[in-house]
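**Q** In mature numbering (1 follows the signal peptide of the UniProt record, and there is no 0), the protein residues as written are -33 to -1, 1 to 884.
Positions of the beta carbon are idealized from the N, C-alpha and C atoms, including for glycine.
Computed from a predicted structure; not experimentally measured.
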């Protein structure tokens, strides 16, 4: 039955089996790999041409083959068989009915006569079939002898393959029955010889398994029983057991303890007592009864006790020294970057790359058989001669696709790529084998594993694109409705964003059993091995910390210029004595005559302060019969200069000319004041995060006021305003300020840096300059009348509202630019020039050239402000130093660190060797 199944195999499969058997026969160890490759190729071409009926091509290939192996009997028999078939065809055979290799032709006499009318008898057909069958019987008998020789040399697999090929070439009939029986017996003998070889080599278990195979192959029962009993006795002998195999843990522990004791003694002799103590503790953890470890720990405790007796004096001096050490400034340390090593088995991967296979041709072959063939070929073409284990991880009964591919001169890694991609499978390089399983692409299924990937906040920002907490960077409008507070993304939103990114990058999370979780510090990923490797590669390219140092310089120059020159004239007709009705002068209390100016004129020139300040009468409490109580709005020092405290430069009165009195007042003032402000704050921020710099004053003001309260009460003589008594009183309380808010008055800068892949820096800049302009009073005055009693006049009280709200002016811009690392951006144009002026003149007289200036009053005050903002962006390493630039005595990626660190035991000095990234 076995021979029948082999004989019914497809011609392509038979060709492959014969080619492998032929490689085993014609490839001794001293023959070059290229010669073996030529033999395989020629043998496969010869068999393929012969089975397809192209005997001319088969003969040509066989002749080339015999030139390479002229002494090989199999090649000679193959060529002779082809020649006989050619002779038979030339003598009248049907060229359209080629013989099938491995199966005896079934042609009866009548069919032969009909196919060839020229044939006079069936002797030629019968003779040709018998000759072909005889040749195959002889080839099978020769294969039995060659298989025996191969088995004696230890090539049991090659011998078995040769016998399988010989059995496959014969069809079961009366003529081949004895030969097939001999082949089966030879196969059993090969298994027996391999079992004896394993037994001699000490592999008793393997020999025992082969004895069972020998028994199943139809071997001699007595021989099998005898050898089984012998193996059983040897396996049961305890003296033959190796303690390393029986108790490997005991042996390994003894070796570890031996090495630990040797290391502990060396540490003790060299004064490393802490290290020795830790080593001996590990010995006790492995062997609690180890006397040597206990002895050394006792000696170490005695030595350390003597040393620590000085701790009191040492600690006292150290604590006093820490005061002086705290004056040390931070220093620069150079650090080295440790490259992350991936978990891929580099040995197997290198072997896959170095194993070059000259040619593979799979025509409709099942994937499992392709894997077996590639595994066998890896052993043939492996430079080390060991080969690789290629293991299918799937159920061939459920899915076993067929492969149709032909490749030449490729390494095994590329061949596996092409084969698995064609059938939507994937392969993984493990620690000791290459596994093949269904692809983890969309719609595939595969085994999953769980790994943890630490991830920084900067990497999360780069992967998800979440740049900040959101919200507006401008000041809050105190009169608008309260806005809902905005915050950054939630943990679930970040997880979804991360999974979406990896999905877009080719990591399939639609597979059954795959998942991604993020706890804020690390990713917990369940995926296939290849997808885990993809994620590791992606994170390796994104794990670089990208942060930017923003250095902003604000240069503000303010200049206040004031120029004022004015003339005020007063002209009268002179003093005239007042005369009573009796004709005599009216005397004052001192007896002096009194005078009056009946005709007086004045120019009434204004000043800057009179022109632009608010009239005090509009903001004061007025009570009839009393002086006004001023209620002025608050002022700030940044208001424009109006020279409110300056007086007249010159005044003269009593000048008389031609009986006319002349008065003159001159107001002249020139004032210059200025202020320069430079602020240079620095801030370091992660790429994609927002940084805010504020250089301003805080102005607090109320958003609302309480209600005005009034209270009326009865009065008496003492409480009466005019003293007549019998009146009433009223108390008015202005609204109390409530809900104070704070607003910055000055310069604010909001900047969001984004580090690009080429290390350029994109900046989103939003500078804002806010200035206070003054206050506006809201609401009207409150008026109250207080009755003065019977026959008395009422008193009227007027109280202003006093509800002042500030007015602000804002200059802001928003821009986005890209600059190089270390470049400086200049923003200008945030300037302001405020001018207030007046020009009063006497009509006609003020227009007279030259002299007319004496009849004009002019003044101008000017406030100029110019603000320049310089923004410098530097890439900063986690150590605080520039990431791409070198300063003098400071290399890129250095570490700025305080040389003294406070530990629970006191201050400790850092060393360069102790610095790690």
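Nearest by alpha-carbon distance to residue 481: which of 487, 494 and 469 is it?
**A** That would be 494, whose Cα lies nearest to the Cα of residue 481.
**Q** Classify residue 743: buried if its beta carbon has 16 or more other beta carbons within 10 angstroms, exposed otherwise.
**A** Residue 743 should be labelled exposed.
**Q** Measure the beta-carbon distance from residue 378 to residue 322 and round it to whole angstroms, keeping in mind my assumption that it falls under 8 Å.
**A** About 6 Å separates the two Cβ atoms, so the contact holds.
**Q** Can you tell which of 765, 740, 735 and 737 has the C-alpha that lies nearest to the C-alpha of residue 748?
**A** For the residues 765, 740, 735 and 737, the minimum Cα distance to residue 748 belongs to 765.
**Q** Do residue 165 and residue 425 have their CB atoms nearer than 9 Å?
**A** It is not a contact, given that the beta carbons lie outside the stated cut-off.
**Q** Could you work out which residue in 368, 358 and 353 is closest to residue 331 when comparing CA atoms only?
**A** With distances taken between Cα atoms, residue 331 lies closest to 368.
**Q** Measuring only the C-alpha atoms, how far is residue 501 from residue 316?
**A** Their backbone Cα atoms lie some 16 Å apart in a straight line.
**Q** Evaluate residue 36 with the Cβ neighbour count: other Cβ atoms within 10 Å of its Cβ, from every protein chain shown; 16 or more gives buried, anything less gives exposed.
**A** It is buried - the Cβ of residue 36 has at least 16 other Cβ atoms within 10 Å.
**Q** DSSP puts residue 527 in a beta bridge; with which residues?
**A** Residue 527 pairs with 640 and 830.
**Q** DSSP on residue 490, reduced to helix/strand/coil?
**A** Correct three-state label for residue 490: strand.
**Q** Kindly list the residues whose CB is nearer than 8 Å to the CB of residue 727, restricted to its own chain and excluding five residues on each side of it in sequence; keep chain order.
**A** Contacts found: 785, 786, 787 and 788.
**Q** Determine the closest residue to residue 232 out of 219, 263 and 404, with distance taken between C-alpha atoms.
**A** Out of 219, 263 and 404, 263 has the C-alpha closest to the C-alpha of residue 232.
**Q** What number of angstroms, rounded off, separates the C-alpha of residue 464 from the C-alpha of residue 476?
**A** Their backbone Cα atoms lie some 13 Å apart in a straight line.
**Q** Would you decide whether residue 552 is buried or exposed? Buried here means 16 or more other CB atoms lie within 10 Å of its CB.
**A** Under this definition residue 552 is an exposed residue.
**Q** Rounding to the nearest angstrom, what Cα-Cα distance links residue 898 and residue 678 in this structure?
**A** No answer is possible for residue 898: the residues shown for the chain start at -33 and end at 884.
**Q** For residue 709, count the other beta carbons within 10 Å of its own beta carbon; 16 or more makes it buried, fewer makes it exposed. Which is it?
**A** Residue 709 comes out exposed.
**Q** By how many angstroms is the C-alpha of residue 199 removed from the C-alpha of residue 188?
**A** Cα-Cα distance, rounded: 16 Å.
**Q** Whole angstroms is fine: what's the gap from residue 140's alpha carbon to residue 160's?
**A** Cα-Cα distance, rounded: 29 Å.
**Q** Residue 660 and residue 519: beta carbons closer than 9 Å?
**A** For residue 660 and residue 519, yes; Cβs fall inside 9 Å.
**Q** I think residue 472 touches residue 505, with their Cβ atoms under 8 Å apart; what is that distance to the nearest whole Å?
**A** Correct: roughly 6 Å between the Cβ atoms.
**Q** Among the residues of its own chain, which have a CB less than 6 Å from the CB of residue 544, if the five just before and after it don't count?
**A** For residue 544, where only same-chain residues beyond five positions count, the Cβ hits under 6 Å are 552, 560 and 562.
**Q** Can you tell me which of the three DSSP states residue 164 falls into?
**A** Here residue 164 sits in helix by DSSP.
**Q** Report the three-state DSSP secondary structure of residue 646 (helix, strand or coil).
**A** It is a strand residue.
**Q** What do you reckon, are the CB atoms on residue 713 and residue 664 nearer than 9 Å?
**A** Closer than 9 Å, so yes.
**Q** Taking 8 Å as the cut-off, does the CB of residue 365 come closer than this to any heavy atom belonging to the ligand GDP?
**A** No copy of the ligand GDP appears in this structure; indeed no ligand is present at all.
**Q** How is the beta strand (DSSP E) around residue 365 delimited, first residue to last?
**A** No beta strand (DSSP E) holds residue 365; DSSP gives it neither H nor E.
**Q** So, for residue 178: in the same chain, excluding its five sequence neighbours on each side, which residues have a beta-carbon less than 6 Å away from its beta-carbon?
**A** If we look at residue 178 and ignore the five residues flanking it on each side, its Cβ neighbours are 162, 191, 194 and 195.
**Q** Which of the three DSSP states, helix, strand or coil, is assigned to residue 49?
**A** If DSSP states are grouped into helix, strand and coil, residue 49 belongs with the helices.
**Q** Pick helix, strand or coil for residue 776, following the three-state DSSP scheme.
**A** In the structure shown, residue 776 sits in a strand (DSSP, three-state: E or B).
**Q** For residue 645, count the other beta carbons within 10 Å of its own beta carbon; 16 or more makes it buried, fewer makes it exposed. Which is it?
**A** So residue 645 counts as exposed.
**Q** On the DSSP letters alone, give me the boundaries of the alpha helix (DSSP H) that residue 235 sits inside.
**A** Segment 215 to 236, the alpha helix (DSSP H) holding residue 235.
**Q** Kindly give me the distance between the Cβ atoms of residue 184 and residue 153, rounded to whole angstroms, as I take these residues to be in contact under 8 Å.
**A** Incorrect: roughly 10 Å between the Cβ atoms, too far for contact.
**Q** Which residue comes first and which comes last in the alpha helix (DSSP H) that contains residue 431?
**A** It spans 424 to 431 - the alpha helix (DSSP H) in which residue 431 sits, taken as one unbroken run.
**Q** For residue 266, which option in 335, 118, 212 and 244 has the closest C-alpha, if you only look at C-alpha atoms?
**A** Comparing Cα positions, the closest option is 244.
**Q** Exposed or buried, what is residue 138 when buried is set at 16 or more other beta-carbons lying within 10 Å of its beta-carbon?
**A** With 16 or more Cβ atoms within 10 Å of its Cβ, residue 138 is classed as buried.
**Q** Does the count of Cβ pairs from the segment 99 to 117 and the segment 21 to 35 closer than 8 Å reach three?
**A** With the cut-off at 8 Å, the segment 99 to 117 and the segment 21 to 35 do not touch.
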